[in-house]
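The structure under discussion appears below in the form of structure tokens.
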Amino acid sequence: YLHKPGHLFGGLGLCFGLVGTVSLSYLIVIWFLNLAGMHFGPIGNRPLLFFGILCTILSVQLISLGILAELMARNVDADYVDKQICEIIDDSEFDI
441 YLHKPGHLFG
451 GLGLCFGLVG
461 TVSLSYLIVI
471 WFLNLAGMHF
481 GPIGNRPLLF
491 FGILCTILSV
501 QLISLGILAE
511 LMARNVDADY
521 VDKQICEIID
531 DSEFDI
């Protein structure tokens, strides 16, 4: 993961995003069922709402961190390019 940190942070971000999306989707279904007349109670005071929002925000931050880490890793790799020798100069005539 040193050369591709976006895989690590992006994967974690996608996992948290999936958990956040599923939990918030469940609460949206409950909200619409409350509007339809079934009474499941309000969703505003449930811990799942805050957990879903937390996971979604964490997902965005981890994906952004992965993108920034990819840019930094590519920039560092560009500085350490191995240069090939084009020609060998005979320096036997020069004395040090």
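Numbering follows our numbering, in which position 12 of the sequence shown is assigned residue number 452; successive positions increment by one, without gaps.
Note that beta-carbon positions come from the ideal geometry of N, C-alpha and C, so glycine has one too.
These figures come from a predicted structure and were not determined experimentally.
Presumed contact (8 Å Cβ cut-off) between L467 and L489, rounded CB distance = Indeed they touch by this definition, with Cβ atoms about 6 Å apart.
Determine the direct distance from the alpha carbon of A513 to that of G446, and round the result to whole angstroms.
-> In this structure, the straight-line span from the alpha carbon of G446 to that of A513 is close to 10 Å.
Three-state secondary structure (DSSP) at I529?
-> Three-state DSSP puts I529 in coil, outside helix and strand.
For the stretch 496-514 against the stretch 457-471, are there 3 or more C-beta pairs whose distance is under 8 Å?
-> Between the stretch 496-514 and the stretch 457-471, the count of Cβ pairs shorter than 8 Å is three or higher; the stretches touch.
Hey, how far is the Cα of G484 from the Cα of L464?
-> Roughly 12 Å separates the two Cα atoms.
Where does the unbroken alpha helix (DSSP H) through F472 begin, and where does it stop?
-> Looking at the DSSP string, the run of the alpha helix (DSSP H) that includes F472 is P445 to L475.
Rounded to the nearest angstrom, how far is the Cβ of F480 from that of I493, given a contact under 8 Å?
-> Approximately 19 Å separates the beta-carbon atoms of F480 and I493; this is outside 8 Å, ruling out the contact.
Does the Cβ of G477 have 16 or more other Cβ atoms within 10 Å, making it buried, or fewer, making it exposed?
-> It counts as exposed.
Rounded to whole angstroms, what's the CA-CA distance from L508 to F472? Just pull it up for me.
-> Cα to Cα, the separation comes out at about 38 Å.
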